[in-house]
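So the sequences go chain by chain: A and B. Once you know that position 114 of the first sequence is 499 in the numbering used here, the rest is easy, because the numbers rise by one and skip nothing. Once you know that position 22 of the second sequence is 31 in the numbering used here, the rest is easy, because the numbers rise by one and skip nothing. No residue lacks a Cβ here, since even glycine has one placed at the ideal position from N, Cα and C.
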Amino acid sequence: DGGITQSPKYLFRKEGQNVTLSCEQNLNHDAMYWYRQDPGQGLRLIYYSQIVNDFQKGDIAEGYSVSREKKESFPLTVTSAQKNPTAFYLCASTRKAGPGTGSSYEQYFGPGTRLTVT
Amino acid sequence: GNSVTQMEGPVTLSEEAFLTINCTYTATGYPSLFWYVQYPGEGLQLLLKATKADDKGSNKGFEATYRKETTSFHLEKGSVQVSDSAVYFCALNTYGNQFYFGTGTSLTVIP
Numbered sequence: 386d387g388g389i390t391q392s393p394k395y396l397f398r399k400e401g402q403n404v405t406l407s408c409e410q411n412l413n414h415d416a417m418y419w420y421r422q423d424p425g426q427g428l429r430l431i432y433y434s435q436i437v438n439d440f441q442k443g444d445i446a447e448g449y450s451v452s453r454e455k456k457e458s459f460p461l462t463v464t465s466a467q468k469n470p471t472a473f474y475l476c477a478s479t480r481k482a483g484p485g486t487g488s489s490y491e492q493y494f495g496p497g498t499r500l501t502v503t
Numbered sequence: 010g011n012s013v014t015q016m017e018g019p020v021t022l023s024e025e026a027f028l029t030i031n032c033t034y035t036a037t038g039y040p041s042l043f044w045y046v047q048y049p050g051e052g053l054q055l056l057l058k059a060t061k062a063d064d065k066g067s068n069k070g071f072e073a074t075y076r077k078e079t080t081s082f083h084l085e086k087g088s089v090q091v092s093d094s095a096v097y098f099c100a101l102n103t104y105g106n107q108f109y110f111g112t113g114t115s116l117t118v119i120p
């Protein structure tokens with residue numbers, strides 16, 4: 386079964402420590418994304434990558450870093466510079482749907498990682 | 010710019026009631042429109058989509074019609090079930106890989 390995996394599901398860290406969240410996909414999608422979700426709020430884009438070895442900042446990139454060394458993997462590091470890191474983090478990837486479905490892009494999500502920093 | 014506005018929640022309905030969740034958008038170009046559903050503690054799942062004006066997306070009894078004249082994509086279901094309790098997100102994609110999401114509408118269905 387193809388899909389996006391994020392690990393771990395729950396992550397606990399002490400303030401001042403860097404932490405890396407894993408995201409892997411076997412959907413052969415080129416583009417990958419990281420979003421942050423806070424309680425009762427929508428999704429905010431942290432970083433995205435359209436191809437290997439290239440990525441762009443989203444709306445709230447400060448205090449985060451990413452790498453894209455392989456097509457399948459897009460890890461997110463939450464650094465100690467991120468002032469309020471406790472949140473639910475969602476990884477996503479995008480595919481272009483074929484001509485039969487209107488030639489649009491579709492975004493797919495992993496199950497998320499809940500990070501708690503104390 | 011591109012943006013999506015959803016009705017504020019939370020929405021609470023009795024089982025078998027009719028559901029409408031309003032969504033309007035602002036976009037450059039000709040966007041594709043989506044509804045996603047998020048169950049507690051999980052990621053978002055694509056529920057339905059429409060790629061051009063007057064298209065109707067449908068899935069699992071939910072449907073939404075792309076209305077260009079009113080820039081809307083309201084989600085409807087004729088008879089909700091307890092299992093439909095979730096948060097629903099409206100989203101758009103204009104060109105390329107950028108998606109824009111609304112803030113989500115929480116739905117609770119009571120027996």
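(1) Leaving out five residues before and five after Phe-397/A in sequence, what residues of the same chain have Cβ atoms less than 6 Å from its Cβ?
(2) Taking C-beta pairs closer than 8 Å, name the residues in chain B that Tyr-493/A reaches, listed in chain order.
(3) Pull out every residue of the segment 456-475 of chain A whose Cβ sits closer than 9 Å to any Cβ of chain B, in chain order.
(4) Hey, how far is the Cα of Asp-63/B from the Cα of Gly-52/B?
(5) Could you please give me the residues that DSSP links to Asn-68/B through a beta bridge?
(6) Can you find the residues in the same chain that come closer than 6 Å, C-beta to C-beta, to Asp-423/A, ignoring five residues on each side of it along the sequence?
(7) With a CB to CB cut of under 7 Å and the five nearest residues on each side skipped, what residues in its chain are close to Lys-77/B?
(8) When DSSP labels each residue in this structure, what does Asp-439/A get in the three-state scheme?
(9) For Tyr-109/B, does the count of other Cβ atoms within 10 angstroms reach 16, so buried, or fall short, so exposed?
(10) With distances taken from CA atoms, which of Lys-86/B, Thr-80/B, Ala-59/B and Thr-60/B is nearest Gly-70/B?
(11) Considering only residues of the same chain and omitting the five flanking positions on each side of Pro-19/B, which have a CB-CB separation below 8 Å?
Put simply:
(1) Only Thr-501 meet the Cβ criterion.
(2) Per Cβ cutoff of 8 Å: Leu-55.
(3) Residues passing the 9 Å Cβ filter: Phe-473 and Leu-475.
(4) Rounded to whole angstroms, Asp-63/B to Gly-52/B spans 29 Å at the Cα level.
(5) DSSP, once it has assigned bridges, lists Phe-71/B as partnering Asn-68/B.
(6) When the five nearest sequence neighbours on each side are left out, the beta carbons in the same chain lying within less than 6 Å of the beta carbon of Asp-423/A are those of Ala-472, in order along the chain.
(7) For Lys-77/B, where only same-chain residues beyond five positions count, the Cβ hits under 7 Å are Ala-62.
(8) In this structure, Asp-439/A counts as strand in the three-state DSSP scheme.
(9) So Tyr-109/B ends up on the buried side.
(10) Answer by Cα proximity: Lys-86/B.
(11) Residues Thr-114, Ser-115, Leu-116 and Thr-117 of the same chain have their beta carbon placed closer than 8 Å to that of Pro-19/B, with the five preceding and five following residues left out of the count.
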